[in-house]
Amino acid sequence: MLLLMERKLQEVHPLLTLCGQIVENWQGNPIQKESLRVFFLVLQVTHYLDAGQVKSVKPCLKQLQQCIQTISTLHDDEILPSNPADLFHWLPKEHMCVLVYLVTVMHSMQAGYLEKAQKYTDKALMQLEKLKMLDCSPILSSFQVILLEHIIMCRLVTGHKATALQEISQVCQLCQQSPRLFSNHAAQLHTLLGLYCISVNCMDNAEAQFTTALRMTTHQELWTFIVTNLASVYIREGNRHQELYSLLERINPDHNFPVSSHCLRAAAFYIRGLLSFFQGRYNEAKRFLRETLKMSNAEDLNRLTACSLVLLGHIFYVLGNHRESNNMVVPAMQLASKIPDMSVQLWSSALLKDLNKACGNTMDAHEAAQMHQNFSQQLLQDHIAACSLPEHNLISWTDGPPPVQFQAQNGPTTSLASLLQGQRAARTRLHRVEAAAGHGFPAYEDKSIP
1 MLLLMERKLQ EVHPLLTLCG QIVENWQGNP IQKESLRVFF LVLQVTHYLD
51 AGQVKSVKPC LKQLQQCIQT ISTLHDDEIL PSNPADLFHW LPKEHMCVLV
101 YLVTVMHSMQ AGYLEKAQKY TDKALMQLEK LKMLDCSPIL SSFQVILLEH
151 IIMCRLVTGH KATALQEISQ VCQLCQQSPR LFSNHAAQLH TLLGLYCISV
201 NCMDNAEAQF TTALRMTTHQ ELWTFIVTNL ASVYIREGNR HQELYSLLER
251 INPDHNFPVS SHCLRAAAFY IRGLLSFFQG RYNEAKRFLR ETLKMSNAED
301 LNRLTACSLV LLGHIFYVLG NHRESNNMVV PAMQLASKIP DMSVQLWSSA
351 LLKDLNKACG NTMDAHEAAQ MHQNFSQQLL QDHIAACSLP EHNLISWTDG
401 PPPVQFQAQN GPTTSLASLL QGQRAARTRL HRVEAAAGHG FPAYEDKSIP
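In our numbering, the protein residues as written are 1 to 450.
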């Protein structure tokens with residue numbers, strides 16, 4: 001556990017293997033043994049998730065879920081051991097259950113199983129509500145904040161920005177009640193606001209939020225996550241070359257990448273591919289995106305896979321290779337529908353519309369155009385709803401504790417006006433770009449085909 005906290009991940013794996021053998025061979029009280037197994041498996045699952053190894057963690061996570069089911073059937077009044085050292089009981093069973101829900105949500109979000117993440121978030125929050133009526137343990141509030149942080153990112157992907165914003169406000173309220181909680185989660189809170197700002201096209205505010213978050217964190221994975229998203233903002237703005245290249249040098253996936261996270265490194269390749277695409281360096285873009293695909297397929301990073309496929313499809317379309325473009329875009333749409341990722345669906349449907357039109361498939365082009373219109377309307381309505389909430393003013397908060405109250409919005413913001421102009425403008429530039437990476441950020445590009 002200490003090695004994980006100190007980020008000495010290379011030393012963790014062999015020690016975990018040894019600990020697993022010791023726990024399995026330990027003879028003692030069943031409930032004590034299961035408690036130890038849960039403790040060990042939580043550390044093991046956390047290690048894999050920190051490393052961005054979503055596929056590799058599955059056997060450990062399944063064992064953990066089975067273990068918590070077993071421990072819930074055991075009774076605390078079994079014969080106690082005579083050795084006081086065998087009395088180790090790190091969490092009450094009820095808290096363990098919430099924690100297993102939490103790591104399941106973390107895994108589901110990283111893997112792109114967002115409906116599953118929602119299901120387990122609902123279960124965990126319901127359990128937390130019951131526990132907090134009887135138990136004021138600070139760890140329960142920590143669990144609640146971490147759950148909300150993850151489901152907020154899921155909402156942004158699935159096209160529920162208004163709900164995400166209200167949940168960000170809920171995190172603010174929880175942090176107002178505990179200075180320690182705010183100290184531990186301030187950087188994450190500003191990062192979430194930065195992601196929300198990108199989703200509503202408020203790029204100046206996104207930059208301010210990410211810059212604030214960078215000042216507040218010393219956590220290398222979070223730092224890399226923030227820098228990757230900030231780079232996407234600079235790509236979107238198109239005129240921040242010096243700042244962009246400075247960031248990209250610090251997250252170079254080919255050389256001295258700052259963290260060992262598999263999915264963050266894959267996301268860094270995606271960002272490089274996206275930049276090369278907009279610079280018209282298509283062969284270079286394809287190299288980066290194929291590297292992203294190789295890494296994302298190796299660990300079942302479904303959202304990165306969908307984003308890379310649709311961007312490759314866009315490149316092949318621009319190059320006039322309609323057949324290869326279709327081979328990329330169709331599976332991208334299928335995968336995005338399963339996640340579900342609203343923005344990638346919007347992007348894919350736009351490409352399918354133009355692909356089928358170029359190939360003379362009139363009926364398929366009409367069907368794709370209808371899908372694109374439906375996705376556009378859903379995103380637009382959600383955009384209006386989010387920007388009309390008083391909590392939207394949180395995008396301007398970059399200093400001090402979270403605001404206690406929010407002034408009501410007088411009307412849609414300028415970002416909404418820019419969105420409404422997007423049907424024509426989007427044919428020449430990005431509508432929205434967000435980095436797709438280990439902890440589940442949205443990735444979307446809506447530059448339609450020339």
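The C-beta atom is built at its ideal place from N, Cα and C for all residues, glycine as well.
Small disclaimer: the values here were computed from a predicted structure and weren't measured.
- For C136, the secondary structure class from DSSP, reduced to helix, strand or coil, is coil.
- Across the structure, V259 and E221 are spaced so that their CA atoms are roughly 6 Å apart.
- The distance from the Cβ of G194 to that of N239 is about 19 Å, inconsistent with a contact at the 8 Å cut-off.
- When the beta-carbon positions are compared, A186 and M153 stay at least 7 Å from each other.
- Just so you know, the alpha carbons of Q110 and G360 end up roughly 39 Å apart.
- Counting only residues of its own chain and dropping the five nearest sequence neighbours on each side, H372 has a CB closer than 7 Å to the CB of L346, S349, A350, K353.
- For L312 and L91, the gap between their C-alpha atoms comes out near 47 Å.
- Cβ-Cβ distances below 8 Å link Q166 to L389, E391 in the same chain, with the five nearest sequence neighbours on each side left out; the list follows chain order.
- Here the alpha carbon of R287 sits roughly 55 Å from the alpha carbon of N29.
- Excluding the 5 residues flanking it on each side, P253 has same chain C-beta neighbours closer than 6 Å at R265, A268, F269, in chain order.
- Per DSSP, reduced to three states, the secondary structure at H372 is helical.
- Judged by DSSP secondary structure, T305 falls within the alpha helix (DSSP H) whose first and last residues are 302–318.
- Spanning the alpha carbons of N327 and S376 requires a straight line of approximately 24 Å.
- Approximately 7 Å separates the beta-carbon atoms of L181 and S142; this is inside 8 Å, confirming the contact.
- DSSP places Q63 within a helical segment (H, G or I) once states are collapsed to three.
- Judged by beta-carbon spacing, I315 lies within the 7 Å limit of Y282, meaning their Cβ atoms are closer than that value.
- In the pairwise beta carbon analysis, the stretch 45–54 is classified as touching the stretch 9–18: at least three pairs are separated by under 8 Å.
- For E324, the uninterrupted alpha helix (DSSP H) run begins and ends at 322–338, by DSSP.
- The DSSP-derived three-state label of Y113 is coil.
- A distance below 6 Å between beta-carbons, with the five flanking residues on each side excluded, links Y101 to the following residues of its chain, in chain order: Y120, K123, A124.
- Spatial neighbours of E324 in its own chain (CB-CB distance under 7 Å, excluding positions within 5 residues in sequence) are listed in chain order as F316.
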